[in-house]
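In what follows, a structure is listed as structure tokens, so that the remarks can point back to it.
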Amino acid sequence: MINRRRFLIASAGVGAAGLLSGAVAVSWRDLQRAAYDRPLPDDAGVLVIVTLYGGNDGINTVIPYADNAYHDARPELGYAAGDVLPLDGQLGLNPGLRGLAQLWSQRQLAIVRGVGYPKPDHSHFRSMDIWQTASPAEPVSTGWIGRWLDATGDDPLRAVNIGAVLPPLAVGEKHTAAALSTTAVPKAADAFDATTQALSATDPNDTPAMAAVSRAYRDARTTDAAFASIKPESAHNSLATQLNMVAGAIKARVPTRVYTVHLDGFDTHADERDTQQRLLQTFDEAVTGFLQEMAGDRCGRNVVVLAYSEFGRRVAANASQGTDHGTAGPVFVAGVPVKGGYYGDEPSLTDQDHGDLKSTTDFRDTYYELLVHTLGTDPTPSVGTGRTSLGFL
């Protein structure tokens with residue numbers, strides 16, 4: 041029977057398990073192994089990208105409640121001043137965004153206004169393709185995060201998508217993000233847990249090599265505990281499930297710098313108000329719960345969340361008490377490193393482009409700032425030249 045001393049001596053001479061080599065699909069065990077082998081440094085920025093598919097109505101998200109033009113354009117669909125969560129005397133958040141309102145008061149929410157791109161396209165597919173590839177002028181086969189992957193090495197876990205289908209933003213020419221299933225993480229057997237507890241105990245008689253292995257087992261137990269907190273997927277809030285998985289990975293020190301998650305359902309052509317408010321509440325509860333958990337973790341305090349949609353909606357309500365495909369809209373950036381406030385000019389509701397808002401902020405400038413300050417990388421491969429910092433980090 042092998043004893044603790046012999047096991048630690050043997051383990052000290054064993055190299056790290058082989059890493060994934062170009063695999064797209066990864067398991068929790070792959071992430072755990074990576075966390076043991078090359079844990080995320082305490083000072084590493086982590087970007088979590090939330091895609092709101094369908095074209096979220098930005099005007100009823102960050103609401104110009106004091107503007108008469110808003111109420112004239114949306115006599116029934118608009119929110120009265122008393123219904124919004126006021127940010128100042130002009131703008132307020134949708135009542136479904138109570139958690140984000142708190143982040144705003146804590147100066148941990150940046151609202152980038154009027155975000156769009158030149159020559160906007162009203163097609164869901166083309167507009168989302170533009171946002172995800174950061175190439176408004178012509179279609180390209182790589183996403184902005186994919187090009188970051190191509191430019192920064194070959195670790196397959198630098199970016200992880202929660203879900204089996206990779207979004208275009210995560211596809212590079214040479215590398216892609218890994219795809220993680222949303223099934224629950226397996227729990228360690230009790231006997232194995234007791235064994236690792238014994239092996240992780242300190243002993244003054246250990247050699248330096250044995251002490252190092254013992255420390256690795258202590259780290260492994262910390263990692264296992266972080267993964268064990270992950271809950272199975274819930275139909276109630278799938279975004280919360282996705283972000284719960286991201287939180288577990290970050291707390292376990294998985295060496296991933298970019299995570300991608302999503303929420304569907306924002307194509308609100310009819311009966312928009314209740315549907316959008318419910319979706320925004322789902323988004324709000326998931327994101328603010330995630331950030332609250334991250335704020336108490338030494339790596340989690342470096343997390344920045346980006347939330348965007350492929351376009352906003354038209355200024356006027358349609359005949360079905362919904363809104364049709366528009367152009368510019370607000371982008372949210374949240375987290376402890378964020379300098380809260382407004383960035384970019386508020387688009388005019390009266391100076392329109394054939395019923396659409398005129399964009400005031402190029403979406404690539406948002407990416408530029410995140411690449412420079414959160415990922416600490418040269419932004420040029422992802423967004424090209426001529427971009428500028430907005431100042432929210």
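In our numbering, each number is its position in the sequence shown, counted from 1, plus 40.
All C-beta atoms, glycine included, are put in the ideal place defined by N, C-alpha and C.
How long is the line joining the alpha carbons of residue i and residue j, rounded to whole angstroms?
i, j, result
"His162", "Leu87", "28 Å"
"Phe372", "Gly426", "23 Å"
"Phe323", "Val90", "9 Å"
"Gly380", "Gln148", "5 Å"
"Asp402", "Gly340", "28 Å"
"Thr315", "Thr308", "8 Å"
"His413", "Asp391", "34 Å"
"Asp304", "Gly139", "20 Å"
"Ala106", "Ser145", "20 Å"
"Asp169", "His111", "33 Å"
"Asn96", "Gly352", "6 Å"
"Ala356", "Leu389", "9 Å"
"Leu197", "Ala218", "6 Å"
"Pro126", "Ala241", "54 Å"
"Pro459", "Gly98", "Because the chain here runs from 41 to 433, residue 459 falls outside it and cannot be looked at."
"Asp195", "Ala141", "37 Å"
"Ile435", "Gly366", "A query on residue 435 cannot be resolved here, the shown segment of the chain reaching from 41 to 433 and no further."
"Thr428", "Pro419", "10 Å"
"Gly85", "Tyr299", "12 Å"
"Leu209", "Thr173", "6 Å"
"Ala63", "Lys214", "Residue placement at Ala63 cannot be trusted, given a pLDDT of 35 that sits under 50; what the coordinates show is reported in the next sentence. Going from the Cα of Ala63 to the Cα of Lys214 covers about 12 Å."
"Gly395", "Tyr157", "17 Å"
"Thr216", "Pro207", "10 Å"
Under 8 Å between the Cβ atoms of residue i and residue j?
i, j, result
"Ala374", "Val345", "yes"
"Leu92", "Ser349", "yes"
"Ala280", "Gly329", "yes"
"Arg153", "Asp385", "yes"
"Gly132", "Phe306", "no"
"Leu415", "Arg297", "yes"
"Pro179", "Lys159", "no"
Can you find the residues in the same chain that come closer than 6 Å, C-beta to C-beta, to residue i, ignoring five residues on each side of it along the sequence?
i, result
"Leu320", "Asn134, Gly136, Leu137"
"Gln282", "Ile202, Val301"
"Leu430", "Tyr383, Asp405, Glu409"
"Ala121", "Tyr105"
Is the shortest distance between the beta-carbon of residue i and the beta-carbons of chain D less than 8 Å?
i, result
"Ser399", "Here there is only one protein chain, and chain D is not present."
Our contact map puts residue i next to residue j with C-beta atoms below 8 Å; I'd like the distance itself, whole angstroms only.
i, j, result
"Pro295", "Ala74", "6 Å"
"Val423", "Arg404", "4 Å"
"Pro421", "Trp188", "7 Å"
"Ser221", "Ala199", "That belief does not hold up - the Cβ atoms of Ser221 and Ala199 are roughly 16 Å apart, past 8 Å."
"Ala335", "Val376", "6 Å"
"Gln72", "Pro104", "In fact, because the Cβ distance is near 47 Å, the residues do not count as touching under 8 Å."
Under 7 Å Cβ to Cβ from residue i, same chain only, skipping five residues before and after it: list those, please.
i, result
"Asp82", "Arg338, Cys339"
"Val211", "Thr182, Gly183, Gly186"
"Asp123", "Pro135"
"Gln317", "Asn134, Pro135, Gly136"
In chain order, what residues of the same chain lie with their CB nearer than 8 Å to the CB of residue i, ignoring the 5 residues before and after it?
i, result
"Gln361", "Glu116, Leu117, Ala310, Asp311, Glu312, Arg313"
"Leu410", "Leu87, Val344, Leu346, Val373, Leu433"
"Thr417", "Trp188, Ala191, Thr192, Leu411"
Identify the continuous beta strand (DSSP E) that holds residue i and give its terminal residues.
i, result
"Phe372", "369-374"
"Thr91", "86-92"
"Tyr348", "343-349"
"Ile151", "149-156"
"Ala204", "That residue, Ala204, is in no beta strand (DSSP E); it is neither H nor E in DSSP."
Counting along the chain, where does the alpha helix (DSSP H) carrying residue i start and finish?
i, result
"Val327", "312-335"
"Asn284", "278-291"
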